[in-house]
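The structure under discussion appears below in the form of structure tokens.
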Amino acid sequence: MGRVAITLHEGADQEGFRAGVRRLIAQGVPPSEVVWQSGAAPSLFDDAPLPEAAPVTLPREVAELVRLVVCHRDPERYALLYDLIWRIHNGERALLEVHSDPLVHRVAMLAKTVRHDLHKMHAFVRFRRVEDADRERYVAWFEPEHFILEATAGFFVDRFRALDWSILTPIGS
3 MGRVAITLHE GADQEGFRAG VRRLIAQGVP PSEVVWQSGA APSLFDDAPL PEAAPVTLPR
63 EVAELVRLVV CHRDPERYAL LYDLIWRIHN GERALLEVHS DPLVHRVAML AKTVRHDLHK
123 MHAFVRFRRV EDADRERYVA WFEPEHFILE ATAGFFVDRF RALDWSILTP IGS
């Protein structure tokens, strides 16, 4: 088959990663044959589309790690996650229990930094009232270290349901 390039959107592309993993696992493509890239990066390899595939069943703890680590800024995050998923899918079901495994340790550290960033956003975002002739509006500025804006949006929607608010960051709002 040769190398397979999976192109994802900039930032945290949960859906793109999930679809890519499904297709790669269905085709039996090992991690060493996959190149993960963002939409802005030019492809060096054949970018032939893989067919649609069924969901990959993973332990809940792995799904939670994926949800967090996809938000990290590390450019290797998708390759690390796919390697983890590949190993678990191919017989190492208890891999996350092996804390001394270098891959498990690295992925756990990435998840930890994302959790910390989510906590900082939840705890320290402060809205300021903005004068608007039509209605009362609130705006906040936050500079996350990782791509967590979408992951944390539900928290603010639930908490400030009755307000008209916006959170602005260097990479989106």
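Here the numbering used here is used: the first residue of the sequence shown is 3, the next is one more, and so on.
Beta carbons: idealized from backbone N, C-alpha and C, even for Gly.
Residue pairing for LEU10: DSSP places it in a beta bridge opposite SER40. Each of ARG161, ARG130, HIS74 and VAL64 was checked against the Cα of ILE87, and the nearest Cα belongs to VAL64. DSSP places ALA96 in no beta strand (DSSP E); its state is neither H nor E. Separation of ASP85 and LEU105 (C-alpha to C-alpha, rounded to the nearest whole angstrom) is 8 Å. Around the CB of PRO146, 16 or more other CB atoms lie within 10 Å, so the residue is classed as buried. For ARG24, the three-state secondary structure derived from DSSP is helix. In this structure, DSSP gives ARG131 an extended state, which the three-state scheme calls strand.
Under the three-state reduction of DSSP output, ILE150 falls in the coil class, being neither helix nor strand. For ALA142, the enclosing beta strand (DSSP E) has its first and last residue at 139 to 143.
According to the DSSP assignment, LEU170 belongs to no alpha helix (DSSP H) but to the beta strand (DSSP E) extending over 167 to 170.
For VAL58, no alpha helix (DSSP H) run applies, since DSSP gives it neither H nor E. For GLY174, DSSP records a beta bridge to THR171.
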